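Written out below as structure tokens is the structure these notes cover.
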Ligand code: URA
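In the working numbering, the protein residues as written are 90 to 332.
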């Protein structure tokens, strides 16, 4: 982390993300850190505590107690009945970078770890593009800790119920930046239904932590042309971090 972004490194990252050709804006690709505008308010985030009622008070729990509470959670009847296991989150519990996706898919439900399928491979490439590695300075979590059956979107009440767990993880980690992966993560964190295209591209914040929104890796697998915009988002995240 923190090493200069040489054109060679940049090209390696772009190759890893599957972005074929990159034309630098305004001349040579450099390592200059461009200051970012202060975060813009979006909608008011949901007040802490207001949503956690379904899962009880978890704000005082340590990691082990929190993980145990999640593993035994029955707040959402359908999810609890149909899951193989909960997917708590993975990585460095003192990470600077927190990535938040939507919800576990079938493979994550089997293995109990977020982003282990094809989308996970692309996420790993995105991490590589940031000079990061899963588990080292990085924590990965989801809006929901259980797989929605049939990979349907999380229901608002499910996301509400699960938020207390995520918020407690954020409090324990104290990341320096949050990267929201995709519309569901972004809209839930921000308490808005604005489309992703309107939310990405600018620094925001969640509970006073800088927040950058980008595309979900599964979306990028379907729409590789948007990887370039995702790359811009990752560059914004680097600038927000001052690297
Ligand atoms: N998609 C997500 O949003 N999260 C995962 O853990 C896997 C796929």
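Positions of the beta carbon are idealized from the N, C-alpha and C atoms, including for glycine. In this text, all values refer to a predicted model and were calculated from it rather than measured experimentally.
- For the ligand URA, no non-hydrogen atom lies closer than 7 Å to the CB of residue 195.
- Using a Cβ distance threshold of 8 Å, residue 190 and residue 326 do not count as a contacting pair.
- About 27 Å separates the CB atoms of residue 146 and residue 265; that is not less than 8 Å, and the two are not in contact.
- Distances from the alpha-carbon of residue 331 to those of 313, 299 and 306 put 299 closest.
- Of the candidates 101, 311, 237 and 262, the residue whose Cα lies closest to the Cα of residue 224 is 262.
- Set against 7 Å, the gap from the CB of residue 243 to the closest heavy atom of the ligand URA is not smaller.
- Distance from the Cα of residue 280 is smallest, within the candidate group 252, 292 and 257, for 252.
- By the neighbour-count criterion, in which 16 or more other beta carbons inside 10 Å mark a residue as buried, residue 95 falls on the exposed side.
- Residue 228 and residue 214 have their C-alpha atoms roughly 15 Å apart.
- Considering only 216, 126, 254 and 235, the residue with the shortest C-alpha distance to residue 270 is 216.
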